[in-house]
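Report on the structure given below.
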Amino acid sequence: MKRLEIRVVGGVLLILFGVLALLQSLGILEGALTLLWGLLFGAGGVLFLYTFLSDRTNWWAIIPGFVMLSIGVLLGLEFVAPDLGGNWGGPLVVGGISLAFWIIYFTRRDQWWAVIPAGVMLTITLVIALSNLWEGFDAGGIFLLGLGATFGLLALLPTPDGRMTWASIPAAVLSVVGLIVTASIEIVHYIWPISLILAGLHLVYRVLKPRP
């Protein structure tokens, strides 16, 4: 029965791909090739996720599954709304990769290492999204803070081997450096005028200071 269902699904997909390719060739549906590739990537992602759901020991299939699904959604978005896909395609794909590693950890607590790439990819997603929203956004401090939060979370989350207390060290270092970088970006615009004001106040104080 399962083999029959797979054949039916495969046949329907082939028909759909053929129709889209024909419409593209006839010029009836512009950009159908992009949609075709999106469906191919989406179908590939579904197959990998089916491999994982059929046997939970195949946790590795989550990674290519979500990567291909994310690319498929991106291609579909570029077909429907090209501007939206161009601006938010990066966060969409990188966020999908992050989600894959989070699922690996929450379904297999022994794979605690997955928290690190999950947090890094989530941080990159946030940085890209903020860069799209604010022109001239300096991402250095936010990126370091995100890495610090990732290791801090790793130190708190339970694993079969106990808590990873060692992760608190890079978490603290990265967080402090991130705060310094973020603060310096905000403060640097005010240092010069504040310095002038303080220098002026010092001169006025010295002039008005009562002499013995």
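Under the working numbering, the residues of the sequence shown are numbered 1 to 212, in order. Positions of the beta carbon are idealized from the N, C-alpha and C atoms, including for glycine.
Straight-line gap, residue i to residue j (C-alpha atoms, nearest Å)
i, j, result
"residue 98", "residue 88", "15 Å"
"residue 130", "residue 117", "20 Å"
"residue 94", "residue 33", "23 Å"
"residue 124", "residue 91", "8 Å"
"residue 146", "residue 122", "8 Å"
"residue 100", "residue 173", "27 Å"
"residue 1", "residue 35", "With a pLDDT of 42 at residue 1, under the threshold of 50, the modelled position of that residue is not reliable, and the figure given next carries that caveat. So the alpha carbons of these two residues sit roughly 30 Å apart."
"residue 217", "residue 46", "Absent from the model: residue 217. The displayed extent of the chain is 1 to 212, so no value can be given."
"residue 162", "residue 71", "36 Å"
"residue 171", "residue 102", "19 Å"
"residue 114", "residue 56", "16 Å"
"residue 166", "residue 175", "15 Å"
"residue 54", "residue 179", "45 Å"
"residue 128", "residue 119", "14 Å"
"residue 60", "residue 107", "12 Å"
Beta carbon of residue i nearer than 7 Å to that of residue j
i, j, result
"residue 52", "residue 58", "yes"
"residue 44", "residue 75", "no"
"residue 69", "residue 42", "yes"
"residue 152", "residue 181", "no"
"residue 104", "residue 62", "yes"
"residue 155", "residue 168", "yes"
"residue 64", "residue 79", "no"
"residue 133", "residue 177", "no"
Alpha helix (DSSP H) segment containing residue i, residue limits
i, result
"residue 125", "115-133"
"residue 164", "No alpha helix (DSSP H) contains residue 164, which DSSP labels as neither H nor E."
"residue 149", "140-156"
Residue i, buried or exposed, once every other Cβ within 10 Å from all chains shown has been counted against 16
i, result
"residue 81", "exposed"
"residue 50", "exposed"
"residue 135", "exposed"
"residue 15", "exposed"
"residue 200", "exposed"
"residue 18", "exposed"
"residue 197", "exposed"
"residue 126", "buried"
"residue 73", "buried"
Neighbourhood of residue i by C-beta distance below 8 Å, restricted to the same chain and skipping five residues each side
i, result
"residue 159", "109, 110 and 112"
"residue 77", "84, 85, 88, 89 and 92"
Cβ shell of residue i (< 7 Å), same chain only, five flanking positions each side left out
i, result
"residue 164", "112, 154 and 155"
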